[in-house]
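One structure below.
Numbering (my numbering), first residue to last: 2 to 416.
Take a look at the structure:
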């Protein structure tokens with residue numbers, strides 16, 4: 002199909018008023034392990050798909066997140082396996098599939114979250130000053146290797162759910178009350194230490210991947226005052242970053258009104274940052290947490306999960322500042338001894354291997370007609386695509402035969 006140059010002027014004019022690029026996908030950090038175990042991924046018709054990432058792209062997903070641990074060999078959990086070699090290979094596949102890559106530095110040998118931010122074993126004897134240098138050197142080296150492997154990140158989380166800091170020391174020290182670095186809310190010196198770590202990590206990101214967006218990941222979504230205190234401190238300290246990343250799981254963070262309040266609060270603070278939901282999920286079967294039960298509104302069924310996803314997206318699409326939505330562990334598709342865990346908020350039916358209905362809702366986040374701003378004009382003058390969509394998110398059977406504006410590979414295209 003030939004590109005019609007006379008349309009470009011009008012398209013460029015009308016695209017000025019569009020919102021920035023929006024990203025939708027998931028944290029698929031265990032996908033290679035499922036594939037190695039022989040798990041079969043199918044489409045809605047039950048047909049096996051030969052390339053899962055191509056299938057994701059064809060279904061309107063345009064970005065994927067991958068976690069990175071320093072040395073996961075220290076952890077017994079089979080889901081903690083993402084060392085640098087693992088991430089380079091998966092990251093390269095994501096990029097080759099035409100999707101954006103979000104790299105999630107855990108800066109730990111194991112899961113890092115608000116309750117545990119344990120220093121890697123190899124770093125545990127380092128002083129604070131040595132840690133500042135180590136996080137810079139480690140981040141820089143990882144990014145250099147990612148680039149050399151063809152897996153340059155487009156977005157980088159400098160820490161995972163770092164609401165209360167990171168690199169606290171060892172778990173044993175914390176249990177013995179020997180490490181006063183375990184809390185960053187008091188004393189003030191701990192905030193200064195934490196901010197210095199973030200600045201050093203961000204410095205490495207800017208040097209190695211200047212085009213990448215830096216994300217600060219906070220999960221205090223149901224506590225706006227705590228959340229904004231965090232970002233107020235980042236602003237006062239002039240921490241360099243681009244995106245506010247949030248976790249939102251109803252089981253832990255409350256109903257959609259709670260999320261709406263958090264978003265409104267952040268927007269009213271006028272930090273000048275985009276916002277992404279970098280982790281979310283809702284169950285198709287049983288509760289995944291006990292803090293809040295949403296099942297009277299969204300039953301723990303495939304349809305309940307779909308309705309939650311649709312309503313979440315409708316809420317997010319009302320906020321111009323929100324440009325990212327990532328489902329956590331969507332690829333969980335039958336255990337086959339891949340992990341010791343069973344994730345009841347996955348997007349795949351463990352019995353049939355087919356995606357749940359919520360999977361197909363995700364593309365509506367970028368399919369609202371205002372989500373894509375970048376033109377995609379192949380050098381050959383012809384379109385190369387794994388899938389075409391109308392601007393309202395409907396997938397076409399092939400290349401469009403009617404003149405107009407479409408979405409292809411997450412970008413706006415004109416024929």
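Every residue, glycine too, gets a C-beta built ideally from N, C-alpha and C. Since we're looking at a predicted model, the values are computed, not measured.
Between residue 91 and residue 67, the C-beta gap is smaller than 9 Å, which places the two residues in contact. Close CB contacts of residue 141 within its chain, under the 7 Å cut and outside five residues either way in sequence, are with 205, 208, 209 (chain order). With contacts defined by Cβ atoms closer than 9 Å, residue 69 and residue 114 do not form a contacting pair. Membership of residue 59 in the alpha helix (DSSP H) is indicated by the continuous run 53–59. Cα atoms of residue 109 and residue 175: separation of roughly 15 Å, rounded to the nearest angstrom.
With respect to residue 295, residue 345 sits apart: the two C-beta atoms are not nearer than 9 Å. Rounded to whole angstroms, the gap between the alpha carbons of residue 153 and residue 25 is 18 Å. Between residue 147 and residue 101, the CB-CB gap reaches or exceeds 9 Å. Take residue 203, set aside five residues on each side of it, and the residues of its chain with a beta-carbon closer than 8 Å to its own are 159, 215, 240, 241, 242, in chain order. In the DSSP assignment, residue 26 falls within the beta strand (DSSP E) that extends over 24–28.
With contacts defined as CB atoms closer than 9 Å, residue 47 and residue 355 qualify as a contacting pair. The Cβ neighbour count for residue 298, taken over all protein chains shown within 10 Å, is under 16; the residue is labelled exposed. Rounded to the nearest whole angstrom, the CA to CA distance from residue 44 to residue 51 is 10 Å. In the three-state DSSP reduction, residue 203 falls in the helix class (H, G or I). In the structure shown, the three-state DSSP call for residue 171 is coil. At least 9 Å separates the beta-carbon of residue 322 from that of residue 228.
In this structure, the straight-line span from the alpha carbon of residue 313 to that of residue 221 is close to 18 Å. Pairing residue 124 with residue 168 gives a Cβ-Cβ distance under 9 Å.
Taking C-beta separations shorter than 6 Å and ignoring five residues to either side along the sequence, the partners of residue 333 in its chain run 344, 347, following chain order.
Residue 93 places its beta carbon less than 9 Å from that of residue 150.
Taken through DSSP and simplified to helix, strand or coil, residue 280 comes out as strand. By the Cβ neighbour-count rule, residue 358 is buried, with 16 or more other Cβ atoms within 10 Å of its own. Secondary structure at residue 115: coil, using DSSP grouped into helix, strand and coil.
Exposure of residue 129 is indicated by the presence of fewer than 16 other C-beta atoms within 10 angstroms of its C-beta. Going by DSSP, residue 289 is part of no alpha helix (DSSP H) at all; its letter is neither H nor E. Annotation for residue 325: 24, 277 place their beta carbon closer than 6 Å to its own, counting only its chain and skipping 5 residues before and after. In the three-state reduction of the DSSP assignment, residue 103 falls in the strand class.
Residue 42 and residue 135 have their C-alpha atoms some 40 Å from each other. Relative to the Cα of residue 98, the nearest Cα in the group 55, 200, 328, 62 belongs to 55. Here DSSP, grouped into helix, strand and coil, assigns residue 327 to strand.
Under DSSP, residue 249 forms a beta bridge with 281. Taken atom to atom, the span from the alpha-carbon of residue 301 to that of residue 293 is near 13 Å. Assigned with DSSP and collapsed to three states, residue 320 falls in coil, not helix or strand. Within the same chain, 222, 223 come within 6 Å of residue 254 by CB-CB distance, once the 5 residues on both sides are set aside. Counting the other Cβ atoms within 10 Å of the Cβ of residue 310 gives 16 or more, which makes it buried.
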